[in-house]
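These notes are about the structure you will find just below.
Residue numbers (full-length UniProt numbering), protein chains in the order written: chain A, 1 to 209; chain B, 1 to 209.
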């Protein structure tokens with residue numbers, strides 16, 4: 001970051017969501033490989049670690065009691081129960097990274113993003129969409145993991161989900177992964193130039209601080 | 001533009017302003033040399049062409065009567081009288097370029113930018129500032145064209161002008177010209193991803209259009 005000799009700036013929270021199959025995971029991976037000042041938030045979960053999963057890297061593995069306590073103390077940016085297990089994003093770890101000037105990426109489903117928005121409206125909300133529904137069908141089919149019925153169910157779900165686009169500040173069409181990742185990087189750069197984030201810098205330039 | 005096979009998008013109006021001496025001209029030149037889909041708006045003036053100036057490239061050279069008629073018909077995005085001559089940005093030429101999908105750069109002083117904003121609030125307003133007042137003083141001194149008195153006058157003027165920063169959506173600190181130009185390019189990319197500009201694209205993806 002070229003402005004390190006000024007006051008250390010707080011990092012941004014960048015929430016990346018979108019319909020299932022839009023490729024948000026691939027785009028985030030590309031983004032993280034290109035831009036070093038970004039980090040992904042690590043979720044907490046009550047499920048057991050799978051072989052090879054590392055505490056604090058893949059997940060924070062905590063007990064159900066612990067998780068429920070944290071819910072009670074309002075310590076999650078968002079959480080959800082999936083079957084018998086809980087998954088959530090602990091606020092503190094995100095805040096700590098942002099305080100260090102790191103921009104935190106939260107790649108999350110639409111329900112989770114809505115929870116984060118109500119807790120942290122100052123975040124940057126980006127909706128990743130496939131270029132078309134025929135392309136989305138093609139991508140899901142190519143994975144080869146879904147039956148015809150499951151495919152149709154997912155397509156209908158994506159169709160409903162894409163209507164959430166208007167709740168996001170930005171929409172990135174994932175036509176080519178590297179283009180989509182570069183667009184998100186541009187959004188982050190632009191958001192750092194927003195005048196309401198730079199008031200203290202203007203004070204510095206004037207010599208008022 | 002990677003999305004040419006969709007509906008042709010309207011270009012953006014990007015207004016670049018800032019205190020005198022911030023280097024907005026140099027930044028704009030760098031920006032235009034790097035990004036081909038940008039054009040600078042051409043001003044109209046009542047002053048005589050200077051040797052080498054080309055009609056329609058440097059300026060539209062028009063008569064005073066013509067200029068006053070255009071003012072009367074509200075045909076300028078902004079205009080000003082400087083000594084005996086008028087200078088202004090004709091709305092129509094800007095609109096024509098935007099309709100062709102070209103992003104139009106308007107590099108303009110703070111008073112002009114305020115006029116443009118009242119006529120076209122949908123524009124992108126970017127304020128270019130020097131990294132510090134000591135750097136600004138150094139830059140103006142290096143030009144060697146100003147007396148000590150003129151220098152102090154310009155510094156005071158810049159000091160007043162920089163207070164306008166809060167009226168702009170974005171602030172770009174011109175520390176290094178290529179970094180500042182890249183930031184403006186990122187702002188343009190990000191603005192094209194704003195969800196309110198992409199409503200019709202979402203309709204296309206869903207197949208509603």
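Note that the Cβ used here is the ideal one computed from N, Cα and C, for glycine as well.
Status (buried if at least 16 other CB within 10 Å, exposed otherwise) for residue i
i                     : result
residue 49 (chain B)  : exposed
residue 138 (chain A) : exposed
residue 54 (chain A)  : exposed
residue 104 (chain A) : buried
residue 125 (chain B) : buried
residue 82 (chain A)  : exposed
residue 145 (chain A) : exposed
residue 182 (chain B) : buried
residue 123 (chain A) : buried
residue 198 (chain B) : buried
residue 45 (chain B)  : buried
residue 68 (chain A)  : exposed
residue 72 (chain A)  : exposed
residue 161 (chain A) : buried
residue 147 (chain A) : exposed
residue 33 (chain A)  : exposed
Rounded separation between residue i and residue j - CA only
i                     : j                     : result
residue 157 (chain B) : residue 20 (chain B)  : 8 Å
residue 151 (chain A) : residue 31 (chain A)  : 28 Å
residue 27 (chain B)  : residue 40 (chain A)  : 34 Å
residue 12 (chain B)  : residue 52 (chain A)  : 49 Å
residue 80 (chain A)  : residue 178 (chain B) : 45 Å
residue 206 (chain B) : residue 25 (chain A)  : 21 Å
residue 60 (chain B)  : residue 38 (chain B)  : 19 Å
residue 3 (chain A)   : residue 70 (chain B)  : Its pLDDT being 44, under 50, residue 3 (chain A) is placed unreliably by the model, and the measurement read from it follows with that caveat. Each residue's alpha carbon lies about 45 Å from the other.
residue 5 (chain B)   : residue 131 (chain A) : Legend: pLDDT at residue 5 (chain B) = 46, less than 50; position of this residue unreliable, value from coordinates given subsequently. Each residue's alpha carbon lies about 11 Å from the other.
residue 165 (chain A) : residue 56 (chain B)  : 42 Å
residue 99 (chain A)  : residue 128 (chain A) : 27 Å
residue 1 (chain B)   : residue 36 (chain B)  : Here the model assigns residue 1 (chain B) a pLDDT of 41, short of 50, so the residue's position is not dependable and the matter cannot be decided.
residue 171 (chain A) : residue 203 (chain B) : 13 Å
residue 119 (chain A) : residue 140 (chain A) : 32 Å
residue 209 (chain A) : residue 135 (chain B) : Reliability of the predicted coordinates at residue 209 (chain A) is poor, the pLDDT of 49 falling under 50, and the value obtained from them is presented with this limitation in mind. Roughly 17 Å separates the two Cα atoms.
residue 115 (chain A) : residue 196 (chain B) : 22 Å
residue 23 (chain A)  : residue 142 (chain A) : 13 Å
residue 10 (chain B)  : residue 201 (chain B) : 13 Å
residue 74 (chain B)  : residue 173 (chain A) : 39 Å
residue 47 (chain B)  : residue 117 (chain B) : 26 Å
residue 111 (chain A) : residue 15 (chain A)  : 12 Å
residue 62 (chain B)  : residue 84 (chain B)  : 14 Å
residue 109 (chain A) : residue 169 (chain A) : 16 Å
residue 77 (chain A)  : residue 153 (chain B) : 52 Å
residue 106 (chain B) : residue 180 (chain B) : 16 Å
residue 163 (chain B) : residue 159 (chain A) : 47 Å
residue 66 (chain A)  : residue 58 (chain A)  : 18 Å
residue 155 (chain A) : residue 149 (chain A) : 10 Å
residue 97 (chain A)  : residue 133 (chain A) : 37 Å
residue 43 (chain B)  : residue 113 (chain B) : 14 Å
Chain B residues whose Cβ lies nearer than 7 Å to that of residue i
i                     : result
residue 189 (chain A) : 183, 186
residue 132 (chain A) : 205
residue 61 (chain A)  : Going along chain B, no residue has its Cβ under 7 Å from residue 61 (chain A), so there is no contact; the nearest lies around 36 Å.
Any chain B beta carbon closer than 8 Å to residue i
i                     : result
residue 117 (chain A) : no
residue 198 (chain A) : yes
residue 11 (chain A)  : no
residue 105 (chain A) : no
residue 129 (chain A) : yes
residue 16 (chain A)  : no
residue 172 (chain A) : yes
Residue-chain proximity (residue i, chain A), Cβ-Cβ < 8 Å
i                     : result
residue 207 (chain B) : yes
residue 67 (chain B)  : no
residue 143 (chain B) : no
residue 194 (chain B) : yes
residue 77 (chain B)  : no
residue 35 (chain B)  : no
residue 120 (chain B) : no
Interface partners of residue i on chain A, CB under 8 Å
i                     : result
residue 162 (chain B) : 202, 205, 206
Listed by chain order, chain B residues near residue i by CB distance under 8 Å
i                     : result
residue 169 (chain A) : 194, 195
residue 83 (chain A)  : The premise fails here: residue 83 (chain A) is roughly 31 Å from chain B at the closest Cβ pair, so nothing lies under 8 Å.
Under 9 Å by beta carbon: chain B residues contacting residue i
i                     : result
residue 166 (chain A) : 195, 196, 199, 202
Proximal chain A residues relative to residue i, where beta-carbon distance stays under 9 Å
i                    : result
residue 87 (chain B) : Near residue 87 (chain B) there are no residues of chain A at all, since even the closest Cβ is about 27 Å away, more than 9 Å.
Q) How do the segment 81-93 of chain B and the segment 183-192 of chain A stand: do at least 3 beta-carbon pairs fall below 8 Å, yes or no? A) no
Q) Taking three-plus beta-carbon pairs below 8 Å as touching, is the segment 176-189 of chain A in contact with the segment 70-89 of chain B? A) no
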